[in-house]
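In what follows, a structure is listed as C-alpha cells, so that the remarks can point back to it.
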Amino acid sequence: MKPTSIIFLVISLILFFGGFLTCRFAEKSAEADGIKIFAQEVDENNNSVFNYDFSNLAISKFEIIVNDADINIIGGAEESRIELINFTEGLYSFNVSGKIITLNETPDLSSMLKFWENGFNFNGLRHLIKFGGNEITGDKSVNIYLTPNDAVKIFNLSSEKGNISLEKVTKQADYNITCNNGKISVASLKTSSEFNVTGKNCSFYLDNSYLRNFTAEIKEGDINATKFIASNISIKLDTGDVIIDALRELDAFGIDLACKTGNIKLSGENKGNEYFIPMPDEGTGTYSIMVKSGDISLE
1 MKPTSIIFLV ISLILFFGGF LTCRFAEKSA EADGIKIFAQ EVDENNNSVF
51 NYDFSNLAIS KFEIIVNDAD INIIGGAEES RIELINFTEG LYSFNVSGKI
101 ITLNETPDLS SMLKFWENGF NFNGLRHLIK FGGNEITGDK SVNIYLTPND
151 AVKIFNLSSE KGNISLEKVT KQADYNITCN NGKISVASLK TSSEFNVTGK
201 NCSFYLDNSY LRNFTAEIKE GDINATKFIA SNISIKLDTG DVIIDALREL
251 DAFGIDLACK TGNIKLSGEN KGNEYFIPMP DEGTGTYSIM VKSGDISLE
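Mind the numbering: the sequence shown is residues 1 to 299 in the numbering used here, read in order.
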C-alpha cells in the first residue's frame with residue numbers, strides 16, 4: 001500500500017472513531033440532562049414509541065399509508081394524539097400541514113432515496129444507527145386517539161400487510177380503507193357519509209354500526225356485519241361469504257343479490273343464486289351484493 005493511501009486510511013479511522021465517541025458522549029450528556037435526541041422512547045414493554053399530540057390543531061384529515069403495520073382508530077379518548085409503535089426513525093415520513101396529518105412508510109432502505117426526492121425529511125444518521133441501541137423487532141402499529149371534540153372529515157387508511165380497526169368513532173367523515181392482507185374490524189361507528197373498503201386478501205367484520213353508504217370491493221375474504229344499519233350497500237366479492245344482519249326491515253329496500261357458485265338466503269329462505277326486487281316508491285335505499293364464489297345471507 002502506498003504511503004499516501006496509508007495516511008488517508010489512518011485519517012479516516014481517526015475521524016470515524018472520533019465521530020463515534022463524540023456521538024456516544026453527546027448521547028450520554030443529553031440523557032443526563034433530560035434532553036431527548038431521539039423522537040421515540042422505549043416503553044415498559046421494550047416497544048419503541050413515538051407520540052404526537054394534535055389536541056390544538058383541529059385536524060380534518062388523516063392520510064395513513066403503511067407497509068406491514070396495524071392501524072387502529074380509537075374514539076372516546078381523553079386526548080387527541082397519534083402513536084407510532086416500533087417504527088424505525090428514518091424509514092417513514094410524518095408530516096403535519098394544513099390540518100392534515102400524513103404518515104407514509106417506506107418498506108426498505110432501497111426505496112429511501114425516492115422518499116427523500118419527494119420531500120422526505122432526513123433528521124440525522126443517528127435515527128438509522130442508534131449507538132448501543134437494540135434493534136426494533138416488535139409488531140408495528142399506528143394508533144390514533146380521538147376525543148369527542150375532534151372534527152375529522154376524511155380518513156384515508158391503507159395497510160399492505162396488517163389489520164385495521166375502528167372503534168367508537170362517531171365522526172361524520174368519509175372513510176376510505178385499503179387492506180390487502182389482513183382484517184378490518186369496525187365496532188360502534190356512525191357516519192352519514194361514505195365508507196369505502198377495498199382489499200385483496202381481506203376479511204371485514206362490523207358490529208353495532210351505522211354506515212349510510214357502504215361500498216366494498218374485495219378479492220378474497222368474508223364479510224360479516226351484525227347489528228348493522230345502512231341506507232345503501234354495494235358489495236363486490238370474488239371469493240368468500242357475505243353475512244349481514246340488518247336492523248332495518250328489508251322490504252324498505254331495493255335488493256339485488258347474485259352469486260355464481262353459491263346460495264342466497266334472504267330472511268332464512270333459500271333464493272337460489274339470484275334475487276332481485278326493485279326499490280319501493282317510498283323506499284330507503286338499495287342493497288346490491290355480488291359474489292362470484294361464495295354464499296350470501298341477508299337477514
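Cβ coordinates follow ideal geometry from the N, Cα and C atoms, glycine included.
Neighbour-count burial assignment, ALA58, 16 or more Cβ in a 10 Å radius | The residue given as residue 58 occupies position 58 in the sequence shown. Exposure of ALA58 is indicated by the presence of fewer than 16 other C-beta atoms within 10 angstroms of its C-beta.
Straight-line CA distance for ALA151 to LEU103?
-> For the purposes of this step, residue 151 is taken as residue 151 along the sequence shown, with counting starting at 1. For the purposes of this step, residue 103 is taken as residue 103 along the sequence shown, with counting starting at 1. Their backbone Cα atoms lie some 19 angstroms apart in a straight line.
Between LEU84, ILE223, GLY272, which lies nearest to ILE316 when the distance is taken from Cα to Cα?
-> Coverage of the chain is limited to positions 1 through 299, which leaves residue 316 absent and any answer about it impossible.
ALA230 beta carbon less than 8 angstroms from that of LEU257 | Looking up residue 257 in the sequence shown gives position 257. Looking up residue 230 in the sequence shown gives position 230. Contact check for LEU257 against ALA230 fails: the beta carbons are separated by 8 angstroms or more.
Contacting residues, own chain, Cβ-Cβ under 6 angstroms from ASN180 (five flanking each side not counted) = Residue numbering aside, residue 180 sits at position 180 when the sequence shown is read from its first letter. Excluding residues within five positions, the ones whose Cβ falls inside 6 angstroms are GLU160, GLY199, LYS200.
Whole-angstrom distance between ILE177 and SER288, CA atom to CA atom = Looking up residue 288 in the sequence shown gives position 288. Looking up residue 177 in the sequence shown gives position 177. Distance between the alpha carbons of SER288 and ILE177 is about 20 angstroms.
Identify which residue in ILE164, GLY268, THR147, ILE255 has its Cα closest to the Cα of SER141.
-> By one-based count along the sequence shown, residue 141 stands at place 141. Closest option to SER141, Cα to Cα, is ILE164.
Residues that DSSP places opposite ASP53 in a beta bridge = For this step, residue 53 is matched to residue 53 along the sequence shown. ASP53 pairs with ARG81.
Check each candidate in TYR145, GLU89, ASN95 and name the one with the smallest Cα separation from ARG81.
-> Taking the sequence shown and counting its residues from 1, one reaches residue 81 at position 81. Nearest option by C-alpha distance: TYR145.
Determine, using beta carbons only, whether ILE233 and SER297 come nearer to each other than 8 angstroms.
-> Numbered from its first residue, the sequence shown carries residue 233 at position 233. Numbered from its first residue, the sequence shown carries residue 297 at position 297. No, these two residues do not count as a Cβ contact at 8 angstroms.
Where the beta strand (DSSP E) containing SER97 begins and where it ends = For the purposes of this step, residue 97 is taken as the residue at position 97 of the sequence shown. Per DSSP, SER97 belongs to the beta strand (DSSP E) from 92-97.
Residues that DSSP places opposite LEU266 in a beta bridge = Taking the first residue of the sequence shown as position 1, residue 266 is located at position 266. According to DSSP, which records beta bridges pairwise, LEU266 is partnered with GLU269, LEU298.
Have a look at VAL42 and ASP245 and give me their C-alpha separation to the nearest angstrom.
-> Stepping through the sequence shown from its first residue, residue 42 is reached at position 42. Stepping through the sequence shown from its first residue, residue 245 is reached at position 245. Each residue's Cα considered, the two are about 43 angstroms apart.
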